[in-house]
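Student:
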Amino acid sequence: MNRELIKELIEELLGCKDMLLVIDSGGAVSEMHAPPEIATEYAGRWANIEAGQWHIHLDLDAVKGAQFVENSNHGHESIMPKLHYLRMSGTDEATLLRFYFPNPWLDDDEKPTEFQPEKLRVFEDIRDRYVGRGGVVFVERTADGDKYHSEPVKSGGVV
């Protein structure tokens, strides 16, 4: 995947309010809330995401794909019907880093609440700008399997 596109995605996602970054190695998971002030630095193939108490070093050349995911098969469906995130994947589709968008079914204290469409719109707007660029796809993840879209998708179908 193109380094410049990855950098552009990182910058846009970190500009979103209340983003949650998740590193998942398969055997351990680390979750970090992005504070309002977060610094990024790029040196060759490396991205450094710095946020005071934590930081992430991401090998940009290891990122082989990016998927905007709408996941309705995540194990917490009774509390929140769907999760929305961008997943950066490496070789063999291994997850490197996920950026979770604010959940439209949770309030600011992460308690269940009425659906907040403005939170979903943040995900949809960014997704619609990137899907189809440089191999970025949209995935609808359901109990029946994954449906991949390689073209921009608007609510109700492909653009």
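Residues 5 to 163 in the working numbering are what the sequence shown lists, from first letter to last.
Beta carbons: idealized from backbone N, C-alpha and C, even for Gly.
(1) When you compare each of Tyr-152, Pro-116, Leu-124 and Asp-150 to Lys-21 by their alpha carbons, which one comes out closest?
(2) Could you work out which residue in Pro-156, Trp-58, Arg-137 and Thr-95 is closest to Glu-144 when comparing CA atoms only?
(3) Alpha carbons only, please: which of Phe-105, Asp-65 and Lys-11 is nearest the one belonging to Val-126?
(4) Using 10 angstroms around the beta-carbon of Ala-3, count the other beta-carbons present and answer buried if the total reaches 16, otherwise exposed.
(5) Could you pull the start and end residues of the beta strand (DSSP E) that Leu-64 belongs to?
(6) Near Gly-138, what residues of its chain come up, given a Cβ to Cβ distance below 7 Å and the 5 sequence neighbours on each side ignored?
(7) Does the Cβ of Ile-130 have 16 or more other Cβ atoms within 10 Å, making it buried, or fewer, making it exposed?
(8) Below 8 Å on the Cβ atoms is my guess for Leu-62 versus Leu-101; work out the distance and round it to an integer in Å.
(9) In angstroms, rounded to a whole number, what distance separates the CA positions of Met-36 and Asp-148?
(10) Classify Asp-28 as helix, strand or coil using the three-state DSSP reduction.
(11) In whole angstroms, what is the alpha-carbon distance linking Val-26 and His-153?
(12) How would you write the range of the beta strand (DSSP E) that Lys-123 sits in, first residue to last?
(13) Which residues in the same chain as Glu-16 place their Cβ atom closer than 7 Å to its Cβ, once the five residues preceding and following it in sequence are excluded?
(14) Would a C-beta distance cut-off of 7 Å place His-88 and Glu-97 closer than the cut-off?
Tutor: Reading it off the structure:
(1) Here residue 21 corresponds to residue number 17 of the sequence shown, with the count starting at 1. Looking at the Cα atoms, Leu-124 is the closest of the given residues.
(2) The count along the sequence shown starts at 1 and reaches residue 144 at position 140. Checked all of Pro-156, Trp-58, Arg-137 and Thr-95; the closest Cα to Glu-144 is Pro-156.
(3) For the purposes of this step, residue 126 is taken as the residue at position 122 of the sequence shown. The shortest Cα separation from Val-126 among Phe-105, Asp-65 and Lys-11 belongs to Phe-105.
(4) As displayed, the chain neither begins before 5 nor continues past 163, which places residue 3 out of reach and without an answer.
(5) Numbered from its first residue, the sequence shown carries residue 64 at position 60. It is not in any beta strand (DSSP E) - Leu-64 carries neither H nor E in the DSSP assignment.
(6) For the purposes of this step, residue 138 is identified with residue 134 of the sequence shown, where counting begins at 1. So the list reads Met-5, Asn-6 and Leu-9, once near-sequence residues are dropped.
(7) If you number the sequence shown from 1, residue 130 lands on position 126. Result: buried.
(8) Reading the sequence shown from its first residue, position 58 is the one you call residue 62. Reading the sequence shown from its first residue, position 97 is the one you call residue 101. About 6 Å separates the two Cβ atoms, so the contact holds.
(9) Residue 36 sits at position 32 when you count from the first residue of the sequence shown. Residue 148 sits at position 144 when you count from the first residue of the sequence shown. The alpha-carbon atoms of Met-36 and Asp-148 are separated by roughly 30 Å.
(10) Working through the sequence shown from its first residue, we reach residue 28 at position 24. Of the three classes helix, strand and coil, the one that applies to Asp-28 here is strand, per DSSP.
(11) As a position in the sequence shown, residue 26 is number 22, starting the count at 1. As a position in the sequence shown, residue 153 is number 149, starting the count at 1. Using only the alpha carbons, I get a separation of about 23 Å.
(12) For this step, residue 123 is matched to residue 119 along the sequence shown. Where Lys-123 is concerned, there is no enclosing beta strand (DSSP E), although the alpha helix (DSSP H) it sits in stretches over 121-134.
(13) Within the sequence shown, the letter at position 12 stands for residue 16. Same-chain partners within the cutoff: Ile-130.
(14) To locate residue 88, count along the sequence shown from 1; it is residue 84. To locate residue 97, count along the sequence shown from 1; it is residue 93. For His-88 and Glu-97, no; Cβs fall outside 7 Å.
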